[in-house]
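Trainee: Once you've had a glance at the structure underneath, I'll fire off some questions.
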Amino acid sequence: DSQTARLNNCDNPYRVKSANNLAIEIQNNCEDNGRVLYPVHAESDAHEDDGDFEELPTMVSWLQTFADDVLNIPPNDRSLYYSGNRSVHLHVPLFLTHSNLTWMRERTKEFCEQTSTELDATVYKQKQQFRLPHVPHGTSGLRKTPVEPTWSHEEIVQASSADVARPATAAEVLSATFDLNEQTELSELFLSENVSTTPE
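Start counting the sequence shown at 481; every next residue gets the next number (this note's numbering).
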């Protein structure tokens, strides 16, 4: 509440004038005190990476296996997106605490080594940003779009060409991802450090 009051007392707290930007200062303070939760995303950039090429359905399969074996998230609770360029993203209803970011980065690297897959472990860091669904990619002009696990490469690319209304805020996306109800306890949404990283 005290940090919200500081924001409300400013004409434009998000305007970056210097390194002492108020919004960043408050976020740093909250992170330092362990009061920030990080939504869990997973990502593969292997579609076109340093001259190599992976089919989009292959990357979808990698993320599905990651959701099964590491995150323990059932199929109905996960969302897959094609970025519109070279990535496939996985959104799931789980949070990490600040102290677990390094642990998650290492577990992702371990999973990739064990399964010969290519996921981006660098996304687990403070202030990591992600593009909202249906926002066009700056390079390709294609939109970040939901995909189904059974779609072909061509179906995925075709879906990203459609002009669909995008959500107004990241909060809207998180609300849809988590689909919270009165029976959900916050403690149920934290990713535990005892999850498996060894494929069944």
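Each residue gets a CB set at the ideal place from its N, CA and C atoms; glycine is no exception.
At the level of alpha carbons, what is the spacing between residue 481 and residue 502?
Mentor: Roughly 15 Å separates the two Cα atoms.
Trainee: I'd like the ranges of any alpha helix (DSSP H) spanning at least 4 consecutive residues and lying wholly in the segment 524-595.
Mentor: Runs of the alpha helix (DSSP H) inside the segment 524-595: 536-546 and 581-595.
Trainee: I'd like the list of long-range same chain contacts for residue 629, defined as Cβ closer than 7 Å, with 5 residues on each side in sequence excluded.
Mentor: Taken in chain order, the residues that qualify are 540, 544 and 560.
Trainee: Please classify residue 625: does DSSP put it in a helix, a strand, or coil?
Mentor: In the structure shown, residue 625 sits in a strand (DSSP, three-state: E or B).
Trainee: Would you say residue 520 and residue 666 are within 8 Å of each other, going by their C-beta atoms?
Mentor: For residue 520 and residue 666, no; Cβs fall outside 8 Å.
Trainee: With the cut-off set at 8 Å, would you say residue 599 and residue 592 are in Cβ contact?
Mentor: The answer is yes: Cβ separation under 8 Å.
Trainee: Nearest to residue 615 by alpha carbon, out of 586, 624 and 638?
Mentor: The shortest C-alpha separation from residue 615 is found at 624.
Trainee: Evaluate contact between the segment 644-656 and the segment 511-518, counting only Cβ atoms and requiring at least three cross-stretch pairs below 8 Å.
Mentor: At 8 Å Cβ cutoff, the stretches do not touch.
Trainee: By the three-class DSSP mapping on this structure, what secondary structure does residue 654 have?
Mentor: Reduced to three states, the DSSP call for residue 654 is helix.
Trainee: Please name the residue, chosen from 617, 573, 570 and 509, that lies closest to residue 643 on a Cα-to-Cα basis.
Mentor: Closest by alpha carbon: 617.
Trainee: Excluding the five sequence neighbours on either side, which residues of its own chain have a C-beta within less than 6 Å of the C-beta of residue 485, listed in chain order?
Mentor: Excluding positions up to five away in sequence, the list is empty.
Trainee: Where do the N-terminal and C-terminal ends of the alpha helix (DSSP H) with residue 485 fall, by residue?
Mentor: Residues 482-488.
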